[in-house]
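Chemist:
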Amino acid sequence: MKIRLAQVTTSRDPQENLGIVRDAVRSAADAGARLCVLPEATMRRFGGSIVDVAEPLDGPWASEVRAMADDAGITVVAGMFTPAAGGSGESGAAERVRNTLLITGGGVEASYDKIHLFDAFGFAESDTVAPGSDPVVVDVDGVGVGFATCYDIRFPGLFQTLADRGAQLIVVPASWGRGPGKVDQWTLLARARALDSTTFVAACGQADPAASGIEISGTAPVGIGHSMVVSPTGDVLDSLGDAPGELTLDLDVTELESVRRTLPVLANRVF
């Protein structure tokens, strides 16, 4: 299956970001990709309120993305924010949202709510975001595709659960926080999770705003780029730098059977 990762820098304007999605979807379709992946927070980048832009999956923003995917005839994955029913954060926030991946087009209609929230490195995602609870695997052109979002990549159990449920490829949209060693951690974790689950891992991050001359202050995780596709044996098949760009790769998932015979970590694990 041919996939396309769109490493972009989104703005704080959801309408402007729809233009970014449109360009990415058209480019992916023109390249012959069947799956187009955009980063976490495609709807609006972190660094300001996300509560005021949250919309349901049948709202206008998601409906626009859905129409783009249908027109292109491919499956599109894009990060957005959806309302969370009831409850407030420990900080006393009046309302929280879900950090959601919209998965739409090409005969697929699904969503994934980020399970592990980024309460680390001085940032508290749980102040404004309610966690999801359900791992998600869908069929895209006969390939089992699982989903994780950003901080989820630090938790191998999720990736092994997705593999147990039929994932051959795990897509990880992200908006990774900058800082010392963070690029190395991102790369190491993507490779480790591919080995843990013996799946392909396609990790698509927001580009580093600084690479486009955009100055961002504060602790919000706005992206470092370095999107990559990793093989089930932990090899980086292709990757990008910190600037906006696109990565296209044709994956041969038939090799998974032989990899899992040679490296049966899923069958051998005790816990």
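Numbering-wise (numbering that gives the first Met the number 0), the sequence shown opens with residue 0 and increments by one. Just so it is clear, CB atoms sit at the ideal spot from N, CA and C, and this is done for glycine as well. Predicted model, so just to flag it, every value in this text is computed and none were measured.
1. Just the Cα atoms here: how many angstroms apart are Thr232 and Thr197?
2. Could you spell out the range, first to last residue, of the beta strand (DSSP E) harbouring Phe146?
3. With DSSP run on the structure shown, which of helix, strand or coil describes Val170?
4. With H, G and I counted as helix, E and B as strand and the rest as coil, what does DSSP make of Arg11?
5. Going by other Cβ atoms of all chains shown within 10 Å of its Cβ, with 16 needed for buried, is Asn267 buried or exposed?
6. In angstroms, rounded to a whole number, what distance separates the CA positions of Ile317 and Val170?
7. Rounded to the nearest angstrom, what separates Thr247 and Pro172 at their Cα positions?
8. Quick check: Ala53 and Phe80, are their CB atoms within less than 8 Å of each other?
9. Suppose only complete runs of 4+ residues qualify. What are the alpha helix (DSSP H) ranges in the segment 154 to 208, listed by chain order?
10. Mind listing, in chain order, the continuous beta strand (DSSP E) runs of no fewer than 3 residues lying wholly within the segment 101 to 125?
11. By alpha-carbon positions, which one of Arg21, Gly46, Leu262 and Ala66 ends up nearest to Pro208?
12. Just checking my contact of Arg11 with Ala27 at CB under 8 Å: how many whole Å lie between their CB atoms?
13. Would you list the residues sitting across from Gly244 in a DSSP beta bridge?
14. Note down, in chain order, each residue of its chain lying with its Cβ closer than 6 Å to the Cβ of Asp140, except the 5 sequence neighbours on either side.
15. Going by alpha carbons, who is nearest to Leu161 out of Val144, Gly18 and Ala210?
16. On the DSSP bridge list, what partners appear for Asn98?
17. Please determine, among Gly31, Ser125 and Glu39, the residue with the shortest C-alpha to C-alpha distance to Gly72.
18. Identify the continuous beta strand (DSSP E) that holds Val258 and give its terminal residues.
19. Determine whether the beta carbon atoms of Arg153 and Leu116 lie at a separation below 8 Å.
20. For Gly255 and Asp57, what's the separation of their Cα atoms in angstroms?
21. Residues bridged to Ser238 by DSSP?
Modeler: Inspection of the coordinates gives the following:
1. 7 Å
2. Val142 to Phe146
3. strand
4. coil
5. exposed
6. Any question about residue 317 goes unanswered here, given that the chain covers just 0 to 270.
7. 15 Å
8. yes
9. 155 to 163 and 181 to 196
10. 107 to 112
11. Gly46
12. Contact doesn't hold; Cβ gap of about 24 Å is too wide.
13. Gln6
14. Met0 and Arg33
15. Val144
16. Phe80
17. Gly31
18. That residue, Val258, is in no beta strand (DSSP E); its alpha helix (DSSP H) goes Leu255 to Thr261.
19. no
20. Here the sequence assigns Leu to residue 255, which means Gly is not the residue at that position. Using only the alpha carbons, I get a separation of about 36 Å.
21. Met227
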